[in-house]
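S.K.: Going by UniProt numbering, 25 is the number at position 25 of the sequence shown; the sequence numbering is gapless.
Idealized CB from N, CA, C, for every residue including glycine.
Just so you know, these numbers come straight off a predicted model, no measurement behind them.
Take a look at the following structure, please.
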Amino acid sequence: MRGGFPHAPQAIMLTLRQLLTPSRLLVTFLACSLLLLVPTYLSVVQSPLERSGSNSVWAQQGVQKGGAAGVRDALARAANKDPLAQEALEKLPNYWKGPIIMPKLENATVKAELGRASWKLLHTMAARFPVEPTEDEKETFKSFLYLFSRLYPCGECAAEFQALLLKHPPQTSSRSAASIHLCHLHNLVNARLDKDEFDCGKGLEIIYDCGCADDAPSKTSTSDDDQDPILLERNKASDSMVDKDGKRKDAITGKDLVGG
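Below, the structure is given as structure tokens:
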């Protein structure tokens, strides 16, 4: 006997032979197989809602990170009316409330012409907006104004328009509300430019009527014979007229414009 452990290797081998009998080996093999197969089986039988949830979370993370794959996945699942994907889409940033896109416009002449044309567009849109708009029409006009404030070609003008919309959000409940809201915004700009305030109750729908005669008949044009040749002269560079006091009038209706 050396060190008090006689025949140690033989004892270990004997123990292994006793443990690794054919029946015990079979049981051990089956147990290991079950341990490997159970997770696989659970992943296969996982409920569609749980799989949908994991995909929606992934899509939401992709959207939040600006990933195109996440956006595509969220939109695809929304098409299948997946409520979890709908929730992810609802958490998308309001792209129409983002920062301005265009740079500063240095040319003062172009800036002034652009301003007049843009206000004419906005006022005409409001004048033709439905009297009783649907929810979709309300949201569409609202979204347009926010996007307009981002994409306006004059960067500093766009920043001012965004600030105005922040303090005075779009009013799209009716044609009248939209018209008065834009008139009010225009007057705020006119005040900064030391221009006269326009009376927003002077029939904006008539002043900015395009002459399409979609609604009730109204006098939407004035012939040259009806114009005072001394007071009014046509401005060949624009679609407006200027009287002797320098006030701009619509070339079609002869009505005072809000300004610009």
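Please name the residue, chosen from Pro169, Lys120 and Gly201, that lies closest to Glu139 on a Cα-to-Cα basis.
M.R.: If you number the sequence shown from 1, residue 139 lands on position 139. Checking every option, the nearest Cα to that of Glu139 belongs to Pro169.
S.K.: Considering only the alpha carbon of each residue, which of Leu193, Glu132 and Ala159 lies closest to Ala177?
M.R.: For the purposes of this step, residue 177 is identified with residue 177 of the sequence shown, where counting begins at 1. For Ala177, the nearest C-alpha among the options comes from Glu132.
S.K.: Does the beta-carbon of Ile101 have 16 or more other beta-carbons within 10 angstroms, so that it is buried, or is it exposed?
M.R.: Numbered from 1 along the sequence shown, position 101 holds the residue referred to as residue 101. When all chains shown are included, Ile101 counts as exposed.
S.K.: In terms of alpha-carbon separation, which member of Lys142, His181, Lys104 and Leu185 lies closest to residue 266?
M.R.: Within the shown structure, residues of the chain are numbered from 1 to 260, placing residue 266 beyond reach of any answer.
S.K.: Nearest CA to the CA of Asn190: which residue from Phe161, Ala31, Glu137 and Pro130?
M.R.: The residue given as residue 190 occupies position 190 in the sequence shown. For the residues Phe161, Ala31, Glu137 and Pro130, the minimum Cα distance to Asn190 belongs to Phe161.
S.K.: Under the rule that 16 or more other beta-carbon atoms within 10 Å means buried, what is Arg175, buried or exposed?
M.R.: Taking the first residue of the sequence shown as position 1, residue 175 is located at position 175. Buried, by the Cβ-count rule.
S.K.: Considering only their Cβ atoms, is the gap separating Ala127 from Tyr208 smaller than 9 Å?
M.R.: For the purposes of this step, residue 208 is taken as residue 208 along the sequence shown, with counting starting at 1. For the purposes of this step, residue 127 is taken as residue 127 along the sequence shown, with counting starting at 1. Closer than 9 Å, so yes.
S.K.: Nearest-angstrom Cα distance between Cys154 and Lys120?
M.R.: For the purposes of this step, residue 154 is identified with residue 154 of the sequence shown, where counting begins at 1. For the purposes of this step, residue 120 is identified with residue 120 of the sequence shown, where counting begins at 1. Roughly 16 Å between the two C-alpha positions.
S.K.: Give every residue of the same chain whose Cβ lies closer than 6 Å to the Cβ of Asp196, excluding the five residues on either side of it in the sequence, and list them in chain order.
M.R.: Your numbering for residue 196 matches position 196 in the sequence shown. Closer than 6 Å at the Cβ level, and outside the excluded window around Asp196, lies no residue.
S.K.: Let me know if Thr28 comes out buried or exposed under the rule of 16 or more other beta-carbons within 10 Å of its beta-carbon.
M.R.: Within the sequence shown, the letter at position 28 stands for residue 28. By the neighbour-count rule (16 or more Cβ atoms within 10 Å), Thr28 is not buried but exposed.
S.K.: Can you give the beta carbon distance from Leu164 to Leu188, rounded, assuming they're within the 8 Å contact cut?
M.R.: Position 164 of the sequence shown, counted from the first residue, corresponds to residue 164. Position 188 of the sequence shown, counted from the first residue, corresponds to residue 188. Right, the Cβ-Cβ distance comes to about 6 Å (below 8 Å), so this counts as a contact.
S.K.: Is the distance from the Cβ of Leu114 to the Cβ of Cys183 below 9 Å?
M.R.: Along the sequence shown, one-based indexing puts residue 114 at 114. Along the sequence shown, one-based indexing puts residue 183 at 183. Not closer than 9 Å, so no.
S.K.: So which of Arg150, Ala31, Thr134 and Leu166 has the shortest CA-CA distance to Pro99?
M.R.: Locating residue 99 in the sequence shown gives position 99, where the first residue counts as 1. Closest option to Pro99, Cα to Cα, is Arg150.
S.K.: What span of residues does the alpha helix (DSSP H) with Asp194 cover, start to end?
M.R.: As a working note, residue 194 is residue 194 in the sequence shown. Judged by DSSP secondary structure, Asp194 falls outside any alpha helix (DSSP H); it is assigned neither H nor E.
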